[in-house]
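The numbering of the sequence shown is numbering that gives the first Met the number 0, which starts it at 0 and goes up by one. See below for the structure under consideration.
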Amino acid sequence: MTYARIVSTGSYLPSNRVSNHDLEKMVDTSHEWILSRTGIENRHIAEDHESTSDLAEKAAISALEAANLSPDSIDLIVIATTTADQVFPSSACLLQDRLGIKGCPAFDVQAVCAGFMYALDIAEKFIRTASATRALVIGAETFSRIIDWKDRSTCVLFGDGAGAIIVEASDTPGIHTTHLHADGQYKDLLSVPVGVSKNFNKVVNGSAFTQMQGGEVFRIAVKCMEKVAEEALEANGVDIDSVDWMIPHQANMRIITATAKRLGIPMSKVIVTVNQHGNTSAASIPLAFDVAVRDGRIKPGDRILIEGFGGGFTWGAAFLTY
Ligand code: COA
Numbered sequence: 000m001t002y003a004r005i006v007s008t009g010s011y012l013p014s015n016r017v018s019n020h021d022l023e024k025m026v027d028t029s030h031e032w033i034l035s036r037t038g039i040e041n042r043h044i045a046e047d048h049e050s051t052s053d054l055a056e057k058a059a060i061s062a063l064e065a066a067n068l069s070p071d072s073i074d075l076i077v078i079a080t081t082t083a084d085q086v087f088p089s090s091a092c093l094l095q096d097r098l099g100i101k102g103c104p105a106f107d108v109q110a111v112c113a114g115f116m117y118a119l120d121i122a123e124k125f126i127r128t129a130s131a132t133r134a135l136v137i138g139a140e141t142f143s144r145i146i147d148w149k150d151r152s153t154c155v156l157f158g159d160g161a162g163a164i165i166v167e168a169s170d171t172p173g174i175h176t177t178h179l180h181a182d183g184q185y186k187d188l189l190s191v192p193v194g195v196s197k198n199f200n201k202v203v204n205g206s207a208f209t210q211m212q213g214g215e216v217f218r219i220a221v222k223c224m225e226k227v228a229e230e231a232l233e234a235n236g237v238d239i240d241s242v243d244w245m246i247p248h249q250a251n252m253r254i255i256t257a258t259a260k261r262l263g264i265p266m267s268k269v270i271v272t273v274n275q276h277g278n279t280s281a282a283s284i285p286l287a288f289d290v291a292v293r294d295g296r297i298k299p300g301d302r303i304l305i306e307g308f309g310g311g312f313t314w315g316a317a318f319l320t321y
């Protein structure tokens, strides 16, 4: 039996770090309000000339270097993003060209903040069915481009960045199970309700902005994150005590702590980066993964539960051995 195993991680954050105090100069807010409601202190914002594939490229190179692999050994590229560089070609194709890789499948996946869970699930299935042997799976976002920087209820929450994971075929289990869900009835609670085929003029005049009913999103996110984590544990016949690390989507510290409490996992086993990254949407999980690998918390053999939640709503989890 062929399994899919994570062999390395990488990430990239734009150098422009924006603090809560910086935001106080832009909208009617305060460091104290943002910190107490979200746990966020800083976020990184891409420069005008930096696009999603620029961030993805840097994260990809850092993951390739970490495993001492050359780009031409990659035979699948999946990028989870809501903020692709262009309508087409996909950011994955743009990255493929930059990395000098020719011929392998490359495509984007759009499931907003749960996008990385979807991308990882797809790559895992490609590898398990022998359609690929080594995949570059990336979450990359310039979410700042779809934020109204005059709207204090959303602009304080999000940031830009990219995280990359290399997954390859292995005789020993790495990713044990993946679990994906979506429920489109919640489409209006968190959205950018314009696009190529609807109200395109708003895209053209630069007012394609994120809209959110924060309280409702919060309530449903906590429920879904708890339920999908339990689904993953049950599928593997393990309880929460056997999880070494939980890496949740980094949207809000209060969502993370509420989910951890419901699941009965101590915060000392939960990887948290939302305080320094904000919500980087599809990039948040691989970014947090890379931070914890590089600072030595996550070690080979650790059992890890990752879970995401985003607009749609979409949500998912995976249980894996690193
Ligand atoms: N600074 C100061 N005040 C703000 C503010 C800001 N940045 N943003 C909103 N407010 C105000 C609102 O205008 C509102 O004022 P009003 O009561 O006078 O109308 C008030 O704060 C709302 O406060 P409260 O109800 O206590 O907020 P909250 O505890 O629900 O927190 C969120 C708001 C957005 C932080 C919270 O609902 C949340 O995190 N939701 C989930 C969002 C999320 O993670 N989305 C992505 C999921 S992938």
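Idealized CB from N, CA, C, for every residue including glycine. It should be emphasised that the depicted structure is a prediction, and the values quoted were computed from it without experimental measurement.
Residue of the options minimising C-alpha distance to residue i
| i | options | result |
| --- | --- | --- |
| GLY214 | ALA231, LEU189, VAL193 | LEU189 |
| GLY277 | VAL17, THR8, ARG4, SER7 | VAL17 |
| ALA287 | ARG4, ILE145, LEU12, TRP314 | LEU12 |
| LEU319 | VAL271, PRO172, MET266, PRO247 | PRO172 |
| LEU22 | GLU306, ASP147, SER196 | ASP147 |
| ILE284 | ALA161, LYS57, GLU230, LYS149 | ALA161 |
| VAL273 | THR8, MET0, ASN67, SER35 | SER35 |
| ARG97 | LYS186, LYS57, SER267, SER14 | LYS57 |
| ASN19 | GLN275, GLN95, ARG218 | GLN275 |
Distance between residue j and residue i (C-alpha atoms, nearest Å)
| i | j | result |
| --- | --- | --- |
| ASN204 | GLN249 | 30 angstroms |
| LYS222 | SER280 | 19 angstroms |
| ARG42 | THR28 | 15 angstroms |
| ILE254 | ALA220 | 7 angstroms |
| LYS263 | ILE239 | Note on residue identity: the sequence assigns Gly, not Lys, to residue 263. Rounded to the nearest angstrom, the two C-alpha atoms are 7 angstroms apart. |
| ALA55 | ILE39 | 23 angstroms |
| ASP159 | ALA45 | 6 angstroms |
| GLY194 | ARG302 | 40 angstroms |
| HIS48 | ILE78 | 20 angstroms |
| THR128 | ALA134 | 13 angstroms |
| GLU225 | PHE87 | 36 angstroms |
| VAL271 | PHE106 | 29 angstroms |
| THR37 | GLN212 | 15 angstroms |
| GLY322 | SER10 | For the chain, the structure presents residues 0 to 321; residue 322 sits outside this window and is missing. |
| TYR2 | LYS24 | 51 angstroms |
| ILE137 | GLN109 | 12 angstroms |
| ASP289 | ARG151 | 30 angstroms |
| LEU68 | ASP187 | 43 angstroms |
| THR176 | SER72 | 25 angstroms |
| VAL242 | LYS298 | 13 angstroms |
Where the beta strand (DSSP E) containing residue i begins and where it ends
| i | result |
| --- | --- |
| ALA163 | 160-169 |
| TRP244 | 244-247 |
| ILE146 | Run containing ILE146: none; DSSP gives neither H nor E here. |
| ILE76 | 75-79 |
| HIS175 | 174-181 |
| VAL6 | 2-11 |
Proximity below 8 angstroms, CB of residue i to CB of residue j
| i | j | result |
| --- | --- | --- |
| GLU167 | VAL292 | no |
| ALA317 | ILE100 | no |
| THR209 | VAL227 | no |
| GLY114 | THR81 | yes |
| VAL269 | MET245 | yes |
| ALA234 | ILE164 | no |
| ASP84 | SER52 | yes |
| ALA181 | GLY311 | yes |
| CYS112 | GLY309 | yes |
| ILE76 | VAL155 | no |
| PRO247 | GLU306 | yes |
| ALA399 | ALA282 | Residue 399 lies beyond the range of the chain shown here (0 to 321); nothing can be said about it. |
| ILE145 | ALA207 | yes |
| ARG296 | SER169 | no |
| ALA259 | LEU304 | no |
| SER14 | THR141 | no |
Residue span of the alpha helix (DSSP H) that contains residue i, given as start and end
| i | result |
| --- | --- |
| LEU119 | 114-127 |
| ARG253 | 252-262 |
| ARG97 | 90-98 |
| ASP53 | 51-65 |
| SER69 | Careful: SER69 lies outside any alpha helix (DSSP H) and carries neither H nor E. |
| PHE288 | 283-293 |
query = Are the stretch 115-123 and the stretch 88-102 touching by the rule of at least three beta carbon pairs closer than 8 angstroms?
reply = No, the stretch 115-123 is not in contact with the stretch 88-102.
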